[in-house]
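Take a look at the structure set out below.
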Amino acid sequence: MLRDITLGQYYQTDSVIHRLDPRVKLATTICYIISLFIVDNLIGYVIAGLFLALVIKLSKVPPKFMIRGMKSILFLLIIAVGFNLFLTPGETLVAFWKLRITKEGGRLAAFMAIRLVFLIMGSSVMTLTTTPNNLTDGMEKLLGPLKRIRVPVHEISMMMSIALRFIPILLEETDKIMKAQIARGADFENGNLIKKAKSLVPLLVPLFISAFRRANDLAMAMEARCYRGGEHRTKMKPLVYHKRDGIAYGVVVCYLALCIIFGKILL
Amino acid sequence: MGIIETKDLVFEYIRRDEEGNVEGITRAVDNVNLDIKQGDFVAILGHNGSGKSTLAKHINAILYPTEGTVWVDGKDTSREENLWDVRQEAGMVFQNPDNQIIGQVVEEDVGFGPENLGIPTKEIWERVEESLKAVGMYEFRKHSPNKLSGGQKQRVSIAGVIAMHPKCIVLDEPTAMLDPNGRKEVIRAARALNDVEEITIILITHYMEEIIHANKVFVMDKGKIAMEGTPREIFSQVEKLKALRLDVPQVTLLAHELKKSGLAIPEGILTCEELVAALGRLNRRK
Chain A
1 MLRDITLGQY YQTDSVIHRL DPRVKLATTI CYIISLFIVD NLIGYVIAGL
51 FLALVIKLSK VPPKFMIRGM KSILFLLIIA VGFNLFLTPG ETLVAFWKLR
101 ITKEGGRLAA FMAIRLVFLI MGSSVMTLTT TPNNLTDGME KLLGPLKRIR
151 VPVHEISMMM SIALRFIPIL LEETDKIMKA QIARGADFEN GNLIKKAKSL
201 VPLLVPLFIS AFRRANDLAM AMEARCYRGG EHRTKMKPLV YHKRDGIAYG
251 VVVCYLALCI IFGKILL
Chain B
268 MGIIETKDLV FEYIRRDEEG NVEGITRAVD NVNLDIKQGD FVAILGHNGS
318 GKSTLAKHIN AILYPTEGTV WVDGKDTSRE ENLWDVRQEA GMVFQNPDNQ
368 IIGQVVEEDV GFGPENLGIP TKEIWERVEE SLKAVGMYEF RKHSPNKLSG
418 GQKQRVSIAG VIAMHPKCIV LDEPTAMLDP NGRKEVIRAA RALNDVEEIT
468 IILITHYMEE IIHANKVFVM DKGKIAMEGT PREIFSQVEK LKALRLDVPQ
518 VTLLAHELKK SGLAIPEGIL TCEELVAALG RLNRRK
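So the sequences go chain by chain: A and B. Take 1 as the starting number for the first sequence in my numbering and just add one per residue. Take 268 as the starting number for the second sequence in my numbering and just add one per residue.
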């Protein structure tokens, strides 16, 4: 059943990482990504790798879930590695036909691959351990200061959580419309790409109409329940920092310092 | 003055063409005068397009009168400063259960109203618990609304309204999209609120069976109040109801037809039991 699909890729278990405040996890992920681009030597990457391994271990998420996420970027990875490998000028190591691999190219390609893999694994740790709901909450809080420069932070996060709520409903509706159209002789499977794209029109038009109607209804229901934007609003589940969140921030700062000292300055 | 009062209420939908010129005016609500007391269970009946939903939206200040006035608990709904008080005091439950649940977890959805009112966190939790218990959905508080049945979703919607501590709840065809079991669940929940919490209920429906528990019924036609009275008074006028294109409950219709063909049974029979009793009396008399 379409209703049972899980959104995002949240992995349900109980671990220290799961219990951390979403703000900590968001900030850590951002710091981690930055750190990957700061370091440019082997020791730096070893530190980054160890940090990631530690977090994955603590999160109790089976590593195969991380590897599953890798598949989607495999193509990107190959291209990035390939370009760096063959197109970097420098001291030639191997050469065949018109292609040559340089020493610098090899180094760059290896670092690029490590960077990409760590980057994807790092961010999947966050999505695997945080519910989408929590994530939007964390974002709203974290981006709060942007309200001063008129960024509609609350509205954006409200939109995200409504979208999350309606994805399964709209998926189900798509399924319904599809069946209705098939019953009337629509063909969604045969034909070339253009034909297939065209056959989506009788699916998308009713879907859009229904989505707008739902949006209209929902807006009215929200108004009827006194919704008036983010001001004067309290939270049923407010985000509160605990001791473990402070510790986590400390660890992240130490990690960043290590990265800068060993990955940049020393060597 | 009752909890809800309307005086000469008129609402017109104005249709405009693409340039914004007025194409036509539809008078959806036409000179309606209501006076609803605190604690009443009021049903508003009418076929499609009779203006009953439009009337309902005035009580919650989603629509404002074109002419006339609506007061909710003595507050004029068309005044800007009363808007949020009116919406808090008169909650509203809509027809489509999917399109009025905002939260991704049942308890979060129930908490949405109190959150908007700026209630402190601790009290929100108390209100959520008490509202979910009032509609019998407490054990589902951690569930995703997508996995509930239609009747359960509507009960969650009702809980979401109760959590705002309203004095009155307007249910705008809450059962139209439900199966018979779901309909019963919702009506039972609404009745319980009326009995136990003494919340004024305004039930808008076109299912006749649902109004027999009301203490006052208004029948609307073409934006006007066509009939007014207790369910029994309304149902004793079968011919008039038929003329207004409303379905009379089968028992009432049967009793009416029996009476027409010469049996001495009273008008306005509402339940099977009443009909059985009336026929029994008839039998004994012979």
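Note that CB positions come from ideal geometry on N, CA and C, so glycine has one too.
Residue interval of the beta strand (DSSP E) (run including residue i)
i, result
"V543 of chain B", "Looking at the DSSP string, V543 of chain B is not in any beta strand (DSSP E); the run it does join, the alpha helix (DSSP H), is 539-552."
Opposing strand residues paired with residue i [DSSP bridges]
i, result
"G316 of chain B", "Partner(s): none; G316 of chain B has no beta bridge."
"F308 of chain B", "B:I468"
Where residue i falls: helix, strand or coil (DSSP)
i, result
"E272 of chain B", "strand"
"D439 of chain B", "strand"
"E279 of chain B", "strand"
"A257 of chain A", "helix"
"L7 of chain A", "Caution applies to L7 of chain A, whose pLDDT of 48 falls short of 50 and renders its modelled position unreliable; the value that the coordinates give is listed next. If DSSP states are grouped into helix, strand and coil, L7 of chain A belongs with coil."
"K198 of chain A", "helix"
"V408 of chain B", "It should be pointed out that residue 408 of chain B corresponds to Arg in this sequence rather than to Val. If DSSP states are grouped into helix, strand and coil, R408 of chain B belongs with coil."
"S528 of chain B", "coil"
"R228 of chain A", "coil"
"R233 of chain A", "coil"
"A186 of chain A", "coil"
"M1 of chain A", "With a pLDDT of only 37 at M1 of chain A, under the threshold of 50, the placement of this residue in the model should not be trusted; the figure read from the coordinates follows. In this structure, M1 of chain A counts as coil in the three-state DSSP scheme."
"T13 of chain A", "coil"
"I329 of chain B", "coil"
"D245 of chain A", "helix"
"D376 of chain B", "helix"
"N383 of chain B", "helix"
"E286 of chain B", "coil"
"G191 of chain A", "coil"
"L445 of chain B", "coil"
Alpha helix (DSSP H) segment containing residue i, residue limits
i, result
"T293 of chain B", "Taken as a continuous stretch (DSSP letters only), T293 of chain B belongs to no alpha helix (DSSP H), being part of the beta strand (DSSP E) at 289-303."
"K414 of chain B", "Element bounds for K414 of chain B: n/a, residue is neither H nor E."
"G105 of chain A", "103-129"
"N201 of chain A", "Here residue 201 of chain A turns out to be Val, not Asn, going by the sequence shown. Per DSSP, V201 of chain A belongs to the alpha helix (DSSP H) from 201-224."
"E390 of chain B", "388-401"
"H18 of chain A", "16-19"
"P533 of chain B", "Looking at the DSSP string, P533 of chain B is not in any alpha helix (DSSP H), and its letter there is neither H nor E."
"P554 of chain B", "One cannot answer for residue 554 of chain B here, as it falls past the ends of chain B, which runs 268 to 553."
"Y241 of chain A", "Careful: Y241 of chain A lies outside any alpha helix (DSSP H) and carries neither H nor E."
"V24 of chain A", "22-38"
- Task: Tell me, please, whether the region 448-460 of chain B touches the region 403-423 of chain B by the rule of three or more beta-carbon pairs shorter than 8 angstroms.
- Result: yes
- What are the start and end residues of each continuous alpha helix (DSSP H) run of 4 or more residues lying completely inside the region 131-183 of chain A, in chain order? 132-142, 153-183
- Could I get the ranges of all uninterrupted beta strand (DSSP E) runs contained in the region 331-374 of chain B, with 3 residues as the minimum, in chain order? Here the runs fully enclosed are 334-339, 357-360.
- Mind listing, in chain order, the continuous alpha helix (DSSP H) runs of no fewer than 4 residues lying wholly within the region 457-518 of chain B? 498-502, 505-510
- Message: Measuring CB atoms only, is the region 119-128 of chain A touching the region 98-109 of chain A, in the sense that at least three cross pairs come out at less than 8 angstroms?
- Response: no
- Task: Any chance you could list the alpha helix (DSSP H) runs of at least 4 consecutive residues sitting entirely within the region 46-99 of chain A, in chain order?
- Result: Listed in chain order, the alpha helix (DSSP H) elements of length 4 or more contained wholly in the region 46-99 of chain A are 63-71, 74-87.
- Task: Check whether the region 486-500 of chain B touches the region 521-530 of chain B, counting contact only when three or more Cβ pairs, one atom from each stretch, lie closer than 8 angstroms.
- Result: no
- Task: Could you tell me whether the region 200-208 of chain A touches the region 167-187 of chain A, using the rule of 3 or more Cβ pairs below 8 angstroms?
- Result: yes
- Query: Counting Cβ pairs closer than 8 angstroms, one from the region 246-261 of chain A and one from the region 285-304 of chain B, do we hit at least three?
  - Reply: Touching, no, given that fewer than three Cβ pairs across the two stretches are closer than 8 angstroms.
- Task: Would you check if there are 3 or more beta carbon pairs closer than 8 angstroms linking the region 388-403 of chain B to the region 434-449 of chain B?
- Result: no
- Task: Kindly confirm or deny that the region 14-28 of chain A and the region 52-71 of chain A touch, where touching means at least three C-beta pairs closer than 8 angstroms.
- Result: Counting Cβ pairs under 8 angstroms, three or more are found: they touch.
- Query: Do the region 374-394 of chain B and the region 249-260 of chain A touch if we need at least three Cβ pairs shorter than 8 angstroms?
  - Reply: no
- Is the region 456-476 of chain B in contact with the region 278-297 of chain B, if contact means three or more CB pairs nearer than 8 angstroms? no
- Do the region 469-487 of chain B and the region 500-511 of chain B meet, that is, are 3 or more Cβ pairs less than 8 angstroms apart? yes
- Message: Tell me whether the region 357-370 of chain B and the region 315-327 of chain B touch, counting them as touching only if at least three CB pairs, one residue from each stretch, are closer than 8 angstroms.
- Response: yes
- Message: Would you call the region 152-167 of chain A in contact with the region 216-230 of chain A, where contact means no fewer than 3 C-beta pairs closer than 8 angstroms?
- Response: yes
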